[in-house]
Amino acid sequence: MASEKKTEEKVEKEEVIKEETATEETVAEEENEFEKKWQDVNEKYMRTLAEYDNYRKRTIKEKESIYPEAKAVVVEKFLPVMDNFQRALDSAEEKNPFYEGVAMVKKQMDEVLTALGVEEIKAVGEQFNPELHNAVMHVDDEEAGENIIVEEFQKGYKIGDRVIRHSMVKVAN
């Protein structure tokens, strides 16, 4: 009986050890599984965070590009009005109240455009630049240099480096 008791105790101890080992293995497997899930969730979180950061940067760039684009479109619509003011000044006699009124309005429009960053593109006497000028005529002129603009038919305008309207010009040689 004593030997049976010792054998039973021995068997019970072995079963307890097996259960503890099995439990430790199960815990280790669960920890590994938890670690993998945590890494997956962390990776998804980091990917989502990066996507959000890219989205935020992209929307900021879009917002920054909208204003200059809109400003250029609106200014472009006013350029024919500026041309008409200049034509009115060219056709009227100086010291006339009409001339003085149109000159004041044109001056005010020039100031508004300048405040918006709009600049006239220099043409007459300048070297022809296809990025700034649109050559509509060519003339042979011995006095003018090669590819020099001798006459401007329509003023060109730009904002910074962006051309709103090219100058329409006559080029020599």
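The sequence shown begins at 1 in the working numbering and counts up one residue at a time. A virtual CB, placed ideally from N, CA and C, is assigned to each residue, including glycine. Note that the structure is predicted; figures quoted are calculated from it, not measured.
Own chain partners of residue i with C-beta closer than 7 Å, once the 5 adjacent residues on each side are dropped
i	result
F85	V102, V105, K106 and M109
Y99	L89, A92 and E93
A72	I159, R162 and I164
Neighbour-count burial assignment, residue i, 16 or more Cβ in a 10 Å radius
i	result
K158	buried
V41	exposed
L113	buried
A115	exposed
H166	buried
H133	buried
F128	buried
I121	buried
I17	exposed
G125	exposed
V81	exposed
V171	buried
Residues sharing a beta bridge with residue i, DSSP
i	result
S167	H133
R162	I159
E152	V169
V178	The structure shown does not extend to residue 178, since the chain is modelled only from 1 to 173, so the question has no answer here.
Q127	I148
Boundaries of the beta strand (DSSP E) in which residue i is found, first to last residue
i	result
K158	G156 to I159
V118	V118 to I121
Anticipated Cβ contact below 8 Å, residue i with residue j, distance rounded
i	j	result
A135	V169	6 Å
E152	A123	4 Å
N173	D140	6 Å
Q154	D53	No, Q154 and D53 are not in contact; Cβ-Cβ is about 46 Å, not under 8 Å.
Neighbourhood of residue i by C-beta distance below 8 Å, restricted to the same chain and skipping five residues each side
i	result
K13	none
K63	none
V75	L113, L116, V118, Y157, I159 and I164
Range covered by the alpha helix (DSSP H) that runs through residue i
i	result
K107	P97 to A115
Close-in-space but distant-in-sequence residues of the same chain around residue i (CB under 6 Å, 5 per side omitted)
i	result
E119	K158
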